[in-house]
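S.K.: Here the working numbering = 1-based position in the sequence shown + 6.
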Amino acid sequence: MGAWGTRNFENDGSQDWIFDLIENKDGGLVTDTLARIVNNTETLETPDCEEALAAAELVAALVGRASEDFPEDPLDQLDVLNLIGTRALRNQAIAAVNKIIAGSEMKNYWVDAGQAEAWEAVQTGLVKRLE
């Protein structure tokens, strides 16, 4: 995992996903990415988790609760996605984040790195911003 911190945009996967999303103007990718986690019955792999956490961060940004590390260029271009932060979309994002927190390769990475508490605090804060 190309990560340099516990925040959700402090890794290559989340950065790449958000910039690709804005460049392609594909708002449907948000729900598809979140559904990939919510509907997964196997091990949640780190690349999928990175993308789903970026998608959840985008949903929070749609309702005016962007994280401090949300990339500035995409934040200024959210309107091109034609997405609304509906309760259903927020609930889907919350479900994905909670599932990643409950058990995933990504969580295991932070446990092994001795930074699980800091990483989990970021995710708990994201859930609060989505509520």
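Beta carbons: idealized from backbone N, C-alpha and C, even for Gly.
DSSP three-state call for Asn2: helix, strand or coil?
M.R.: Lying outside 7 to 137, the shown extent of the chain, residue 2 is not represented and no answer is given.
S.K.: Tell me which same chain residues have a C-beta within less than 8 Å of the C-beta of Glu111, skipping the five on either side of it?
M.R.: By one-based count along the sequence shown, residue 111 stands at place 105. Excluding residues within five positions, the ones whose Cβ falls inside 8 Å are Thr49, Leu50, Glu51, Thr52, Cys55.
S.K.: Counting pairs of Cβ atoms below 8 Å between the stretch 100–107 and the stretch 123–137, do you hit three or more?
M.R.: Touching, yes.
S.K.: Counting along the chain, where does the alpha helix (DSSP H) carrying Gln129 start and finish?
M.R.: If you number the sequence shown from 1, residue 129 lands on position 123. It spans 122–136 - the alpha helix (DSSP H) in which Gln129 sits, taken as one unbroken run.
S.K.: When you compare the CB positions of Glu14 and Ala67, do they come within less than 8 Å of one another, or not?
M.R.: The residue you call residue 14 lines up with position 8 of the sequence shown. The residue you call residue 67 lines up with position 61 of the sequence shown. Strictly speaking, residue 14 in this sequence is Asn, with Glu absent from that position. No; because the gap between Cβ atoms is not below 8 Å, this pair is not in contact.
S.K.: Determine the burial state of Trp155: buried for a count of at least 16 other Cβ atoms within 10 Å of its Cβ, exposed for fewer.
M.R.: Residue 155 is absent from the model: the chain starts at 7 and stops at 137.
S.K.: Whose C-beta lies closer than 7 Å to the C-beta of Leu89 among residues of the same chain, with five residues either side of it excluded?
M.R.: As a first step, residue 89 must be located in the sequence shown, where it is residue number 83. Hits under 7 Å: Gly33, Val36, Leu68.
S.K.: Taking only the alpha-carbon atoms, compute the straight-line gap between Asp38 and Ala62 and give it to the nearest angstrom.
M.R.: Position 32 of the sequence shown holds residue 38. Position 56 of the sequence shown holds residue 62. For Asp38 and Ala62, the distance between alpha carbons rounds to 12 Å.
S.K.: Would the beta-carbon of Leu127 fall within 8 Å of that of Lys113?
M.R.: If you number the sequence shown from 1, residue 127 lands on position 121. If you number the sequence shown from 1, residue 113 lands on position 107. Note on identity: in this sequence residue 127 is Ala, with Leu being the wrong assignment. No, they are not a contact pair.
S.K.: Whole angstroms is fine: what's the gap from Ala108's alpha carbon to Val44's?
M.R.: Residue mapping note: residue 108 aligns to position 102 of the sequence shown, counting from 1. Residue mapping note: residue 44 aligns to position 38 of the sequence shown, counting from 1. Rounded to whole angstroms, Ala108 to Val44 spans 12 Å at the Cα level.
S.K.: Within the continuous alpha helix (DSSP H) that includes Asp54, where are the two ends?
M.R.: Here residue 54 refers to the residue found at position 48 of the sequence shown. Segment 52–68, the alpha helix (DSSP H) holding Asp54.
S.K.: Quick one: is Val65 buried, meaning 16 or more other Cβ sit within 10 Å of its Cβ, or exposed?
M.R.: In the sequence shown, the residue the question calls residue 65 occupies position 59. Val65 is buried by the Cβ-count criterion.
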